[in-house]
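Data first, discussion second: the structure below is written as C-alpha cells.
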Amino acid sequence: MKRALQDLAILGGERAFDAPVVFGRPNIGSRKAFYDRMDKVFDSRWLTNGGEMCAEFERRVAQTAGTEYSVATCNATAALQLALRACDVTGEVIMPSFTFAATAHALSWIGLTPVLCDVDPDDGSVLLSEIEALISPATTAILGVHIWGRPSRLDELSRLARRHGLRLIFDAAHAFGCGWDGRPIGGFGDAEVFSFHATKFINSFEGGALVTSDPEIARKAVEMRNFGIAGSDDVVSVGTNAKLSEAAAAMGLTSLDDMDYFVRRNRENYRRYRAELSGTPGLRLLEIDEREPNNYQYVVLDVDSDITGLGRDDLMAVLAAENVYPRRYFYPGCHRMAPYRSDRPFAGTDRIAGRVMVLPTGESITAGDIAKTCALIRFAAERGSEITRRLPEAA
Ligand code: T4K
161 MKRALQDLAI LGGERAFDAP VVFGRPNIGS RKAFYDRMDK VFDSRWLTNG GEMCAEFERR
221 VAQTAGTEYS VATCNATAAL QLALRACDVT GEVIMPSFTF AATAHALSWI GLTPVLCDVD
281 PDDGSVLLSE IEALISPATT AILGVHIWGR PSRLDELSRL ARRHGLRLIF DAAHAFGCGW
341 DGRPIGGFGD AEVFSFHATK FINSFEGGAL VTSDPEIARK AVEMRNFGIA GSDDVVSVGT
401 NAKLSEAAAA MGLTSLDDMD YFVRRNRENY RRYRAELSGT PGLRLLEIDE REPNNYQYVV
461 LDVDSDITGL GRDDLMAVLA AENVYPRRYF YPGCHRMAPY RSDRPFAGTD RIAGRVMVLP
521 TGESITAGDI AKTCALIRFA AERGSEITRR LPEAA
C-alpha cells in the first residue's frame, strides 16, 4: 500500500509485485487434455497438412463463428493474405490507421496498397465519412478491424461496400467469441479472420483462421494455404504455406474446451477494473457492451493527462517500476510507421494512440492483482502533477 509519493517504486520505494503482472499472459487450459491430444497426434504419426486435430479445430471455430467454412492457418497475418487473394482484391484497400501493424503488412506483403483512414478518438472505430472520400478507381476492398473485439460499424461498412462494389473483409484478430446484433462475429462481410496467437483469448500457440460462408472463397483459401495445390499434386494457383500444425490445433482445441471459463474470468476481471477505477478523474475504462457476447480480452484504460497531470506513458513507467505491464495497443498509428508514413493528418488516431493502455487480464490474473494494480493507478492518477514533476529526478 502506497501512502506517500516516495513509496512509489519509481521514486525509490519498494515495488508492489514480486512477480510481473503482464498483459498477454496466455490462457493455458487443461494440460492433461492437451497432452492426451498430443498422444493421439504422435500415435497417428500425422503432424501437419490437414490432420484430424486441424479438421476438428476448423469445425469448432466455424460453429462459434456461425459460418459454413473455417480455414485454419499458421497465424492471422497469413489468413488475411489468403482472404485478400481469395477475394481477388487488387490495387488499393482502405483500412483504419489505428490497428496492429499486421493489418497493413498483410496488404503490403502481397503487393496491395493500404490506404489509411482515421478513427474516432473515443473508441477507435473507423471514420465512415473519411472512407467514402478515400475511395478511388483503384480501390477494390475495405479491410475493417474489430479493434479490441468491438464490432466495426458493421451495418454502415456493409452498405458502403455494397454501394461502391467493394469487397469487405474484417480483421477480427481480437474478436473471436464476440457478437453484434445477435450474430457472432465471423459471418460479416466476404470473410473474417481470427487470430489464435498466444496473447489472444483462445490460442493455438500461433494460429489463425479465415471464416466465410462463401464456398469459392473457402475453396481458394484451402488451396492457397497448401502451395496452391488442388487434390494431390495439381498446382492451380500461386500458393503459400499457411498450414496449422496438429500440435497447434491440439492447443487450439484445448483452449476452446475452456472458452466459457475464459470468458467468465475475463468478464469478472473487466468488472473489477471498472468498479475499482470508476470515479477517478481523468481515467476512463472503455465500456464493453454487455448486451452482446464479448471475450472481454481487452480492458482498455484511457488516460486524460489534462486532468490527471500524468501522461499515459509516465503512468506506464510508474506501473512498470511496480512490476505491472499493461500494453500500448496500439501505438503509434500505422500512419507513423516507416513503411506507411503519411502526410495527411490523423488526429483521431494520434489522440487515442497517445492515451490508451490495455490492462492485464486472463486466467492468470487474480482479484488481488487487480485490486492492487488499480490502487496503484488511482494513487498515481490522483497525484499526477507531483509525480510528473519528480520523474526527471527518478530517471
Ligand atoms: N490484426 C490485429 C488487429 C492484431 O492485433 C494482430 C496481432 C494481427 C492482425 C495478426 O495476428 P497474428 O498473425 O499474430 O496471428 C502481439 C502478438 O504477437 C500479435 O499476435 C498481436 N496481434 C499483437 C497485438 O500482440 P507483440 O509484439 O505486442 O507481442 P509481445 O511479444 O510483445 O507480447 C505481448 C505481451 O504478452 C507481453 O506483455 C508479453 C506477453 N506474453 C507474450 C507471449 C507471446 C506472454 O506473457 N507469453 C507469451 O507467450 O505482438
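Numbering (the numbering used here), first residue to last: 161 to 555. Don't be surprised by glycine CBs; every beta carbon is placed ideally from N, CA and C.
Alpha-carbon to alpha-carbon, residue j and residue i
i, j, result
"A381", "L470", "48 Å"
"S364", "R550", "44 Å"
"N386", "S312", "31 Å"
"G522", "E383", "35 Å"
"Y458", "E218", "24 Å"
"A435", "K532", "13 Å"
"S318", "N426", "30 Å"
"G544", "T468", "5 Å"
"Y421", "A301", "37 Å"
"L413", "S230", "14 Å"
"N187", "E450", "22 Å"
"G508", "P281", "4 Å"
"R496", "L171", "32 Å"
"L240", "N429", "30 Å"
"S289", "G325", "17 Å"
"E316", "S296", "19 Å"
"G211", "R323", "41 Å"
"F356", "R310", "17 Å"
"D167", "P520", "23 Å"
Proximity test, residue i beta-carbon vs ligand 1 heavy atom, cut-off 7 Å
i, result
"D341", "no"
"P499", "no"
"S257", "no"
"S355", "yes"
"H334", "yes"
"Y489", "yes"
"R185", "yes"
"L460", "Reading the sequence as shown, one finds Val at residue 460 and not Leu. V460: no, Cβ never under 7 Å from ligand 1."
"V231", "no"
"V395", "no"
"N235", "yes"
"A351", "no"
"D331", "yes"
"G368", "yes"
"F361", "no"
"V182", "yes"
"V305", "yes"
"Y485", "yes"
Terminal residues of the alpha helix (DSSP H) in which residue i lies
i, result
"L288", "L288 to L294"
"V221", "E212 to A225"
"G325", "Per DSSP, G325 belongs to no alpha helix (DSSP H) and is neither H nor E."
"M476", "R472 to A481"
"P375", "P375 to R385"
"A513", "A507 to A513"
Distance CB(residue i)-CB(residue j) smaller than 8 Å
i, j, result
"E352", "A408", "no"
"T299", "E252", "yes"
"A369", "V221", "yes"
"V484", "V286", "no"
"G337", "T224", "yes"
"V460", "V518", "yes"
"W308", "G347", "no"
"A402", "A238", "yes"
"R175", "A481", "yes"
"I547", "L165", "yes"
"V279", "I512", "yes"
"F330", "G342", "no"
"G345", "A358", "This sequence places Ile at residue 345; Gly is not what is there. In this structure, A358 does not lie closer than 8 Å to I345 by Cβ."
"A527", "R432", "yes"
"L443", "L437", "yes"
"A333", "A236", "yes"
"G339", "P453", "yes"
"A193", "D417", "yes"
"S415", "G226", "no"
"M198", "A410", "yes"
"N209", "F361", "no"
"L244", "A266", "yes"
Assumed close pair residue i, residue j - CB separation to whole angstroms, cut-off 8 Å
i, j, result
"P486", "M476", "6 Å"
"L314", "A321", "In fact, because the Cβ distance is near 11 Å, the residues do not count as touching under 8 Å."
"I389", "V398", "Not really, about 11 Å apart at Cβ, beyond 8 Å."
"C234", "S257", "The Cβ separation is near 27 Å, so there is no contact."
"M255", "E406", "That pair is no contact at about 33 Å."
"D464", "R515", "7 Å"
"P499", "S268", "6 Å"
"L404", "A232", "4 Å"
"L272", "V249", "6 Å"
Segment limits, beta strand (DSSP E) that includes residue i
i, result
"E352", "A351 to S355"
"P274", "T273 to C277"
"R444", "L443 to L445"
"T372", "G368 to T372"
"S230", "Y229 to T233"
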